[in-house]
Structures are given as C-alpha cells and as structure tokens.
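Participant:
Residue numbers (the UniProt record's numbering): 1 to 379.
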C-alpha cells in the first residue's frame, strides 16, 4: 500500500495514522478530508540522498555552520532474498510490519509471512499451490472481521466465498472501489488468480487495516500497551534501586569506614582487612552500576515506544527522505531510508534504500546531530 507515502497525498505523518478511523467505525479506510491548511508541498524541496544540518542560531550568527551527511543508501530491490519491484517494496514492508507485531495474536504460522512474499513475487512457486499461505491469511483476517461485524460467513480455501467476502468489504468501504469495481469479485477466485502481485498485495494490506478496527484487535492492542507500561515501570524501578545502591556503596567507600568499624566493634581493622573490605565494596558498586545501566538500556532501546501504538519514522526530511527502523527488518545496520521524491518528480513511486553494516556509525552520528539540532530549536 502507501505506507508513509500516504502522508504525501493524505496529510498523514506516520504509519500509525494509516490505521486511525476517522469516519465510520467499521472501516479503517474512511478518513476525514485533509485540513485546508495542510500543505503536502511542505514535505518536498530539493536534495535526494544528502541531508544538510545547520548549527544552532548562535553558531550561525558566528558563521560556524556545519554539515552532516546522510550516508548514501543502496536501492532495495529484494526482500527476504526475493526480488521485488521497487514500487512494491514499501507496500510489502507494511504487510511484514503488521505480521511482525500481530502475527502471533492472529495465529499466523511460523514462516507464513516469508511464504507470502515467496508466493507473491517468486517465479519458482507452483501453479497449483501458489497462493496457499496468502489465502490462509486472508481467511484468518476475514474471520476476525466478520465475527466483529456479525457477518454470517462460512469460509473455506476450497471455495471462492472468501473472495466474495473481500468484495463486500471493498464495496462497503468505498475506498478501493475505483481499482476494484464490483464486477472484479463476480468471477470467483479465477479472477483473483488473474491479478498481479501488486493487486493481491493491496487487497491483503486492506484486510490488515480493516482488522485493526475490530474489538478483538483493539483488546490485543490495549493488553500489549498495558504489558509495555508495566515492563517500562519495572525497568525504571530497577534503575532507581540500583542507582541508590551504587551511591550508598560509593559513599561508604569515601568514608572512614575503618574508624566507624572500630567505634562499632571496639576492634581496629588490619591493613589486610581494610583492603579486603574496600575490594568488596568496589565489586558491589560495580555490580550495582551494571544493574542500573542494564535497566536504563532496557528503557532507552526497547521501552520508548510500544510497537502496537505506532511505528514512527526516526527522521523526516523536507526533501522527501524518511529514515525508518522497522521491527520486520533485521538486516544490519537495521536502518531503512524511504525516498518519497519531490512533487516535481515524474515517477509517482517511492524508493526504499538499505545501508551497509559498516555505515551504522555514520547513520547514528547523523541521527544524533539531527536530534541535537531539533533540541536547540526548541530552546
């Protein structure tokens, strides 16, 4: 589907907003019109692969501007080692991100998302069973949606009623009706087999988005958020306890504990006992410090955002570049660059770029500089 590219045409700013219901409660694709003051032209200006970052206002006045460059990415033309048309990479990431977050809750089989990618785009699939994993996921999503909307359906892979059910949902939502008119679904699943990968992927993403409006999925999201908050609270408590413990131990190390020991016991500490006790205190302080850093690391790296709440980009540039770190993409350095292009571009398609593992430090420096700039602007 459109992923963040929808932001370019619909005034949305993040993946989460693709799933927000603005119209009828039952259909995620019915959204309110974009506000009159929301200009899509604000997101596109000039440069392609280089992002320029200026220094703070004070440094600008002194003429000490500096420039940090985004490393040049490599055009991404394969996903999970399967060649994918560049215009479908973003749509495929939308599907895989959904599966990464909700796959277990929906009962998807291990490896099913990979099989779906293979069935969609691999030339090695068999003609008879080329859509088994796709149809299986379609039926799982349709059962969830139909139960929520009190639709009486008896779905099976061996007949085409699942295809008719998709048609009913598309017709009622009204959003994809231009691309999928009612007659599309009147020819049975033979019509589905005639569709290209792009159209099949679009229907699958449509069902994923529709499923997010169901009560069952809202409960799943609610429970995941509660679990996330509980873990975040626990991590903060561990960090606080470990920090207090470390401070107390270091305070004891700085004190004249030999004198205190004599006052309490009446027996002076020998030099050997003093060194032994000091060594123990140092070891305990080090252990407490490691516990604190581990807890803080848990908070900073894994607990800042909850996956089911939103998948937000790391950085959005005014030249149409968007930097992502998706749950579904595990290849080092795990960063993805989305190039939405400018509104003057002739090509309507977005591009996705990956990076080499050795570019990780460069990317992290760029992110750090960008965030520092944003912080300075707020001051």
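Glycine is no exception: its CB is placed at the ideal position from the N, C-alpha and C atoms.
1) Under the DSSP definition of a beta bridge, which residues are partnered with residue 133?
2) Run through DSSP, which three-state label would residue 279 get?
3) Out of 295, 179, 360, point me to the one whose CA is closest to residue 232's CA.
4) Mind reading off the beta-carbon distance from residue 117 to residue 79? Whole number of angstroms is fine, and I expect it under 8 angstroms.
5) May I ask you to report which of helix, strand or coil DSSP gives residue 168?
6) Per the contact definition of three or more C-beta pairs closer than 8 angstroms, is the segment 193 to 213 in contact with the segment 166 to 173?
7) Determine the direct distance from the alpha carbon of residue 338 to that of residue 140, and round the result to whole angstroms.
8) Are the beta-carbon atoms belonging to residue 359 and residue 113 less than 7 angstroms from one another?
9) For residue 69, which of helix, strand or coil comes out of DSSP?
10) Buried or exposed for residue 272, please, with buried defined as at least 16 other CB atoms from any protein chain shown within 10 angstroms of its CB.
11) Which residues does DSSP pair with residue 380 in a beta bridge?
12) What is the residue span of the alpha helix (DSSP H) that residue 112 lies within?
13) Out of 333, 367, 311, 325, which has the shortest C-alpha to C-alpha gap to residue 355?
14) Can the beta-carbon of residue 76 be found closer than 7 angstroms to that of residue 324?
15) Using a beta-carbon distance below 7 angstroms, is residue 146 in contact with chain B?
16) What are the uninterrupted segments assigned as beta strand (DSSP E) that are 3 or more residues long and contained completely in the segment 148 to 210, given in chain order?
17) Within the same chain, show all residues whose beta-carbon is closer than 6 angstroms to that of residue 396, passing over the 5 residues directly before and after it, in chain order.
18) Can you give me the Cβ contacts of residue 191 inside the same chain, cut-off strictly under 8 angstroms, excluding the 5 residues immediately before and after it?
19) If you draw a straight line from the C-alpha of residue 281 to the C-alpha of residue 235, how long is it?
20) Looking at C-alpha atoms only, which residue of 254, 222, 198 is the closest neighbour of residue 91?
21) Which residues in the same chain have their Cβ closer than 8 angstroms to the Cβ of residue 144, if we skip the five residues on either side of it in sequence?
22) Between the beta-carbon of residue 292 and the beta-carbon of residue 239, is there less than 7 angstroms?
23) Measuring straight from C-alpha to C-alpha, what distance separates residue 119 and residue 104?
24) Starting from residue 225, trace the beta strand (DSSP E) in both directions and tell me its first and last residue.
25) Straight-line CA distance for residue 226 to residue 220?
26) For residue 92, name the three-state secondary structure that DSSP assigns.
27) Can you give me the start and stop residues for the alpha helix (DSSP H) that residue 373 sits inside?
28) Measuring straight from C-alpha to C-alpha, what distance separates residue 370 and residue 175?
29) Can you look up residue 139 in the DSSP assignment and give me helix, strand or coil?
Facilitator: Well, looking at it:
1) Note: residue 133 sits in no beta bridge, so no partner.
2) helix
3) 295
4) 6 angstroms
5) helix
6) yes
7) 30 angstroms
8) no
9) coil
10) exposed
11) For residue 380 there is no data in the structure shown, the boundaries of the chain being 1 and 379.
12) 112 to 121
13) 333
14) no
15) As a matter of chain content, chain B is missing from the structure shown, which is built from one protein chain.
16) none
17) Given a span of 1 to 379 for the chain in the structure shown, any question on residue 396 remains unanswerable.
18) 163, 184, 185
19) 24 angstroms
20) 198
21) 106, 211, 214, 216, 217
22) yes
23) 21 angstroms
24) Looking at the DSSP string, residue 225 is not in any beta strand (DSSP E); the run it does join, the alpha helix (DSSP H), is 215 to 254.
25) 10 angstroms
26) helix
27) 360 to 378
28) 37 angstroms
29) helix
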